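Okay, so here's the structure we're looking at.
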Amino acid sequence: MNAELAPTGSLRVGLVEAPSAGLVFISRSTAGKPEGVTADLSAAFARTRGLPLAFTVFPNSGAAASALQAGAIDMSFMPVDATRRQVLDFGPAYYDLESTYLVSGASGITDVAQVDRPGVRVIAIDGTTTIRASARTLTQTKPVAVPSVAVAVERMRSGQADALALSRDTLQPIVPQVPGSRIVTGGFQQTQVAVALPKGRPAALHGVTEWLDDAKHSGLVRRIFDAHGFGSVPVAP
Numbered sequence: 001m002n003a004e005l006a007p008t009g010s011l012r013v014g015l016v017e018a019p020s021a022g023l024v025f026i027s028r029s030t031a032g033k034p035e036g037v038t039a040d041l042s043a044a045f046a047r048t049r050g051l052p053l054a055f056t057v058f059p060n061s062g063a064a065a066s067a068l069q070a071g072a073i074d075m076s077f078m079p080v081d082a083t084r085r086q087v088l089d090f091g092p093a094y095y096d097l098e099s100t101y102l103v104s105g106a107s108g109i110t111d112v113a114q115v116d117r118p119g120v121r122v123i124a125i126d127g128t129t130t131i132r133a134s135a136r137t138l139t140q141t142k143p144v145a146v147p148s149v150a151v152a153v154e155r156m157r158s159g160q161a162d163a164l165a166l167s168r169d170t171l172q173p174i175v176p177q178v179p180g181s182r183i184v185t186g187g188f189q190q191t192q193v194a195v196a197l198p199k200g201r202p203a204a205l206h207g208v209t210e211w212l213d214d215a216k217h218s219g220l221v222r223r224i225f226d227a228h229g230f231g232s233v234p235v236a237p
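Here is the structure:
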């Protein structure tokens with residue numbers, strides 16, 4: 001199974017970076033080391049297989065998905081939608097995600113329905129399930145793609161956008177970075193975040209699925225959530 005899982009001899013894992021680590025995104029230590037839930041999950045899995053681990057960090061999950069599809073990496077963790085299922089294989093979910101909006105204080109918006117108005121400047125991260133769901137659900141305005149969470153935060157901070165579409169857990173640490181901002185009530189997408197592999201690797205998919213199911217049942221995923229300050233967030237069943 002290792003030959004199919006890691007054809008280069010190292011487990012090449014794609015991680016997605018943001019200014020603050022969350023349940024999907026990683027951040028960097030002062031030494032530049034990736035830190036976060038997905039980094040810890042990857043390291044735990046690599047140890048069980050006796051494989052050296054090689055991280056590649058991407059600015060958004062769309063870029064990680066493209067790298068998986070091209071076979072440039074072997075595994076990643078990302079939100080699931082129908083578009084991605086066409087080109088990637090997914091194992092078990094570890095987190096149930098809700099997408100919603102962070103809005104500026106000047107916008108006066110308080111709930112998700114109020115975002116859908118003409119002239120509201122919505123931004124979202126390029127190539128993600130969230131931007132696709134935002135585009136499907138907005139009828140009076142449309143999201144504009146930006147390349148990374150860091151760029152999105154800067155646009156909100158500088159007043160170049162009124163609303164940022166992202167997962168609720170990732171938006172929470174952004175609130176203090178954008179003075180006067182708030183997270184709206186309600187959401188526009190509920191999906192799962194799961195382990196993702198290139199298509200055509202059935203033995204690898206079976207092995208990853210078996211491991212992650214066991215990691216959830218044994219409490220390992222719970223301990224990783226807790227260690228990163230997500231004690232109140234349930235692990236996906």
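Reading the sequence shown from the start, the letters are residues 1 to 237 in the UniProt record's numbering. Cβ coordinates follow ideal geometry from the N, Cα and C atoms, glycine included. No experiment lies behind these values; they were computed from the predicted model shown.
- Boundaries of the beta strand (DSSP E) around Arg28: 25–28.
- Contact check between the segment 121–133 and the segment 210–224: fewer than three CB pairs, one atom from each, fall below 8 Å, which does not count as touching.
- One alpha carbon belongs to Phe25, the other to His206, and they sit about 25 Å apart.
- Counting only residues of its own chain and dropping the five nearest sequence neighbours on each side, Leu97 has a CB closer than 6 Å to the CB of Pro79, Ser167, Thr191, Val193.
- As computed with DSSP, Pro143 is found in a beta bridge with Val122.
- Within the same chain, Cβ atoms closer than 6 Å to the Cβ of Pro198 are found at Leu68, Gly71, the five residues on either side in sequence being excluded.
- Between the segment 158–176 and the segment 37–55, the count of C-beta pairs closer than 8 Å stays below three; the two stretches do not touch.
- In this structure, DSSP gives Pro92 an extended state, which the three-state scheme calls strand.
- Rounded to the nearest whole angstrom, the CA to CA distance from Ala6 to Asp89 is 15 Å.
- Of the candidates Arg12, Ser232, Arg201, the residue whose Cα lies closest to the Cα of Asp169 is Ser232.
- Residue burial annotation: Ala196 is buried, with at least 16 other C-beta atoms found within 10 angstroms of its C-beta.
- Distance between Arg28 and Pro34, taken at the CA atoms: about 5 Å.
- Counting other Cβ atoms within 10 Å of its Cβ, Thr38 reaches 16 or more and is therefore classed as buried.
- Per DSSP, Gln172 lies in no alpha helix (DSSP H) segment and is marked neither H nor E.
- A Cβ-Cβ contact shorter than 8 Å links Val149 with Ile125.
- Per the coordinates, the alpha-carbon of Pro59 lies some 18 Å from the alpha-carbon of Pro173.
- Around the beta carbon of Ser107, a 10 Å sphere encloses 16 or more other beta carbons of the protein chains shown; the residue is thus reported as buried.
- Leu11: member of the beta strand (DSSP E) spanning 11–17, first to last residue.
- Excluding residues up to 5 positions away in sequence, Phe25, Ile26, Ser27, Ser148, Val149, Ala150, Thr170 lie with their Cβ nearer than 8 Å to the Cβ of Ala18 in the same chain.
- Annotated three-state conformation of Met1 is coil, per DSSP.
- By the beta-carbon neighbour count (other beta carbons within 10 angstroms, threshold 16), Thr100 is buried.
- For Leu166, the uninterrupted beta strand (DSSP E) segment begins and ends at 163–167.
- The C-beta separation of Arg117 from Gln86 comes to about 33 Å, leaving the pair out of contact by the 8 Å criterion.
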